[in-house]
Amino acid sequence: MAERDSPADTGPNEVERTDREHVFGTWSYQKEVDPTEVVSTEGVRFTTADGDEYIDLSSQLMCSNLGHEAEGVADAVAEQVRETPYVAPGYTTEARAKLGEALAEVTPGDLSKTFFSTSGTEAVEAAIKIARFYTGKRKIVSRYRSYHGATYGSISVTGDPRRLPAEPGIPGTIKAPDPYAYGSSMDPMESVDYIDEMLELEGDTVAAVLVEPIVGSNGILVPPDEYLPRLKEVAHDHGALLVCDEVMSGFGRTGEWFGTDVFGVEPDIMTMAKGLTGAYQPLGATVVTDEIADHFEENMFCHGHTYSGHPVAVAAGLAAVETYREENLIERAAEVGEYLGERIEELGERHPSVGDTRGVGLFRGIELTKHPEKRVPFGEREDKIGEGNTVVDEVAARAADHGTYVANMINTLIVAPPLTITEAEIDEAMAALDAGLEVSDAAMETPE
Ligand SMILES: Cc1ncc(COP(=O)(O)O)c(C=O)c1O
């Protein structure tokens with residue numbers, strides 16, 4: 030697709046100006062916030078008020094897994110909101126019961142009972158409390174390159190620099206190194222040994238080890254196959270639970286139902302949101318094993334929200350799970366994901382500023398570098414909470430000028446399109462990334 034004027038070139042319209050004046054932009058210096066009005070969506074595309082159409086190569090915020098016109102989910106939402114828009118959590122609805130049952134079916138192992146909330150953040154908050162209540166211990170070990178949510182508990186277990194302005198967080202959160210072969214001095218399997226030693230040295234005080242099975246917003250970090258099974262062993266050896274945060278990696282993203290399925294691991298607690306409804310409604314879920322569920326028969330489940338199991342949200346969740354199943358979208362993601370992986374590797378071969386390409390299924394990252402031998406990044410961790418644009422932002426902006434929206438986090442382009450994307454649409458998007466990566470190629474350090 031040929032380059033066109035970016036929306037910024039035509040200036041903000043009235044909606045954009047009003048929004049900018051009265052609504053906070055998230056995670057931003059407000060002077061830099063510049064929202065673009067979206068007026069319609071179709072398939073894997075969206076159109077702005079200027080009439081510019083984009084391929085959505087990141088499922089908005091890695092959540093529109095079903096694309097933007099899943100009729101079954103839209104109908105379920107409309108029907109539910111007309112029939113029974115809301116009942117208190119002490120009542121139930123057919124969709125809530127059936128979605129709880131469906132999640133027990135699609136999640137691995139003995140995961141069988143769900144607490145519903147309205148976001149990934151809340152799903153993680155619930156997981157932290159459940160792990161503490163169940164084990165009677167306080168500490169949570171999580172990793173530096175992670176994002177688990179925005180509220181005080183979930184930002185405290187987050188390792189991403191966005192945690193720093195909120196510190197000190199809740200007590201009892203400890204950070205561990207990550208399996209990041211490209212960017213860390215520690216070998217991924219050594220990092221599990223490190224966690225083993227941490228748990229040993231903490232004594233019997235750790236309730237849970239909390240990880241994203243494949244790290245999402247901190248750069249699509251895929252651990253070696255033996256990493257997650259070993260981590261579960263290490264956690265259990267020390268009397269800690271393994272909590273897997275599947276908020277981004279769940280619901281077909283990896284070509285499996287969940288990221289943990291890629292490694293054949295059954296966590297003790299799993300958190301999910303985003304793809305759970307394909308973003309048609311805000312819904313989070315925290316799913317626990319039979320054994321943990323049983324504990325709360327005789328011990329109070331001291332947690333809840335007004336909108337826990339909100340009828341419209343769970344109706345969307347149920348319809349979304351049915352859509353993944355009926356349209357074989359998980360298998361489809363694995364197949365199309367292979368193609369996406371090949372096309373990304375080709376980009377890597379063509380562009381010297383691509384330092385690393387990694388991922389599984391439709392969950393892929395392109396990490397950039399100024400200097401391939403020294404692996405010098407264009408975007409640093411602290412840029413995440415700094416002002417101004419990085420070269421990685423400029424790469425994404427150039428791709429947008431060529432008709433493709435791609436999210437970028439720190440130093441990595443996050444390629445995570447809807448599971449419905451076709452090979453032809455992938456080709457179109459890759460042409461836009463090809464143009465975008467010329468920006469980073471041109472900004473590389475000249476060899477000494
Ligand atoms: C792994 C992970 N956990 C938790 C969250 C928080 O979810 P939410 O933004 O829905 O609160 C996110 C959001 O990106 C995430 O990627």
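In short: position in the sequence shown from 1, add 29, done, that's the numbering used here. Glycine is no exception: its CB is placed at the ideal position from the N, C-alpha and C atoms. All of these numbers come straight from a predicted model, not from anything done at the bench.
Query                                                                                                                      : Result
Residue range of the alpha helix (DSSP H) that includes E467                                                               : 452-471
Residues of its chain near P296, where Cβ-Cβ distance is below 7 Å and the 5 sequence neighbours each way are ignored      : L271, V272, C273, T289
T475 - DSSP class collapsed to helix/strand/coil                                                                           : coil
V68 Cβ short of 7 Å to ligand 1 heavy atom set                                                                             : no
Segment contact flag, the region 82-93 with the region 132-146, C-beta cutoff 8 Å, min 3 pairs                             : no
Where T202 falls, given that 16 or more other Cβ within 10 Å makes a residue buried                                        : buried
Cβ shell of A236 (< 7 Å), same chain only, five flanking positions each side left out                                      : A160, R161, T164, K166, R167, K168, I169, A269, L270
Residues bridged to I414 (per DSSP)                                                                                        : None; I414 has no bridge partner.
Beta-carbon contacts of P258 that lie in its chain and below 8 Å, excluding the five residues immediately before and after : F292, G293, V294
Proximity test, H177 beta-carbon vs ligand 1 heavy atom, cut-off 7 Å                                                       : yes
Nearest residue (CA-CA) to A428, options V468, V251, E416, R372                                                            : V468
Spatial neighbours of G182 in its chain, beta-carbon cut-off 6 Å, leaving aside the 5 residues before and after            : E154, I157, I199
Whole-number beta carbon distance between R387 and L369, since they are thought to touch under 8 Å                         : Between R387 and L369 the Cβ distance is about 12 Å, and since that is not below 8 Å, they are no contact.
Helix, strand or coil at K158 according to DSSP, with G and I counted as helix                                             : helix
Distance between beta carbons of A302 and A152, contact taken as under 8 Å                                                 : 5 Å
Cβ-heavy atom distance, M301 to ligand 1, below 7 Å                                                                        : no
Which listed residue (S246, E71, A78) has its alpha carbon closest to that of I443                                         : S246
As assigned by DSSP and simplified to three states, the class of E423                                                      : helix
Near ligand 1: M438 beta-carbon under 7 Å from a heavy atom                                                                : no
G432 versus V68: straight-line alpha-carbon distance, rounded                                                              : 16 Å
Pair within 8 Å by beta-carbon distance, A345 and V102                                                                     : yes
Residue of A471, E371, E411 minimising C-alpha distance to V420                                                            : A471
Where the alpha helix (DSSP H) through S183 begins and ends                                                                : 181-186
D274: CB within 7 Å of a non-hydrogen atom of ligand 1                                                                     : yes
R46 (DSSP reduced to helix, strand or coil)                                                                                : helix
Best match in T122, M438, L260, D456 for proximity to I373 [C-alpha to C-alpha]                                            : D456
Y14 versus L132, N418, E275, N94, residue with shortest Cα-Cα distance                                                     : What is shown of the chain runs 30 to 477, which leaves residue 14 out entirely.
Three CB pairs or more closer than 8 Å across the region 319-326 and the region 345-362                                    : no
Residue(s) in a DSSP beta bridge with N437                                                                                 : L442
Helix, strand or coil at F325 according to DSSP, with G and I counted as helix                                             : helix
Buried versus exposed call for F407 [16 or more other C-beta atoms within 10 Å across all chains shown]                    : buried
V263 versus E226 - alpha carbon distance                                                                                   : 9 Å
For D266 and E229, the rounded distance between their alpha carbons                                                        : 9 Å
Distance, L312 Cα to V44 Cα                                                                                                : 27 Å
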